[in-house]
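In this text, residue positions in the sequence shown follow numbering that gives the first Met the number 0: the first is 0, and each later residue adds one.
Cβ coordinates follow ideal geometry from the N, Cα and C atoms, glycine included.
The structure under discussion appears below in the form of structure tokens.
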Amino acid sequence: MAELTAVAVITVLAVISPGADFAMIVRNSCLYGRTAGLLAAAGIGLGVLVHVSYTVLGVGLLLSGTPAVLTAVRIAGACYLVWTGWQTFRSRVEVDTSGGPGEPPPRGAALRTGFLTNALNPKTMLFVVSTYTQVVDAGTPFLRQAGYGLFMSLAHLVWFGLVAGVLSAPALRTRLLRGQVPLNRAIGAVLVALGISLALAPA
């Protein structure tokens, strides 16, 4: 019970702390509507499962102790965030301010943005690896460890799904989209800043 409580508390705190995942949900939900936001949230949940899978298999400990691998993941994630942020910053696409979505990206693209943002995020990698190595006992049964991983993924899906639902609510979304160019630039600048800070973070 103590182990389960610790995993739950750490997961909740990690999920609700602002970061690249949150910024990507804001981008998709405000600019493209609820479906794009929810698909991005689902992608984030799937990204968490990637980190859980290799950690449960024991590869996570090896990765966390290999600076070159962590650096490569960090740079890849940073480049993805900077590229997405720049595309958002310079976007001139006008979205209908009546509250309905404009021209949303394909469903696969919306899912992919969430997945890549999380799967390439070394902070999520270290969160999952440290939780399993510092909190979860080595003798914990495999099925229970897998259950912890599913909980982590579900927590991300539920939280970011709620965020997507709130930000894509017609009244709020309409108000946000009345200043579309400033909104694009603000979201884009945040994503670029996150990418740069990730690239410059010490190994």
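Locate the alpha helix (DSSP H) running through Gly160, then write down its first and last residues.
Looking at the DSSP string, the run of the alpha helix (DSSP H) that includes Gly160 is Phe141 to Leu166.
Return the chain-ordered list of same chain residues with a C-beta closer than 6 Å to the C-beta of Leu161, the five sequence neighbours on each side being excluded.
Around Leu161: no qualifying Cβ.
Between the Cα of Ala75 and the Cα atoms of Phe159, Pro121, Ser28 and Val14, which residue gives the shortest distance?
Considering only alpha carbons, the answer is Pro121.
To the nearest whole angstrom, what separates the beta carbons of Phe126 and Asp20, a pair I think is in contact under 8 Å?
No, Phe126 and Asp20 are not in contact; Cβ-Cβ is about 11 Å, not under 8 Å.
When the Cα of Val180 is compared with those of Ala198, Arg26 and Val135, which residue comes out closest?
A check of alpha carbon separations from Val180 across Ala198, Arg26 and Val135 identifies Arg26 as the nearest.
Suppose you measure from the CA of Ala40 to the CA of Ile24; what does that come to, to the nearest Å?
Their backbone Cα atoms lie some 7 Å apart in a straight line.
Which residues bound the alpha helix (DSSP H) around Ala118?
It spans Arg106 to Ala118 - the alpha helix (DSSP H) in which Ala118 sits, taken as one unbroken run.
For Gly98, which residues in the same chain have their Cβ closer than 8 Å to its Cβ, ignoring the five residues on either side in sequence?
In this predicted model, Gly98 has a pLDDT of only 46, less than 50, meaning its place in the structure is not dependable; the value taken from the coordinates is given anyway. Closer than 8 Å at the Cβ level, and outside the excluded window around Gly98, lie Pro169, Ala170, Arg172 and Thr173.
With a cut-off of 8 Å on the beta carbons, I'd call Gly42 and Thr112 a contact; round off their distance for me.
With a beta-carbon spacing of about 6 Å, Gly42 and Thr112 fall inside the 8 Å limit used to define contacts.
Might you give, ordered along the chain, the residues of its own chain that have their beta carbon closer than 7 Å to the beta carbon of Leu119, omitting 5 neighbours on each side?
Cβ within range, chain order: Val72, Ala75, Gly76 and Tyr79.
Would you decide whether Gly84 is buried or exposed? Buried here means 16 or more other CB atoms lie within 10 Å of its CB.
The residue in question, Gly84, is buried, as its Cβ has 16 or more Cβ neighbours within 10 Å.
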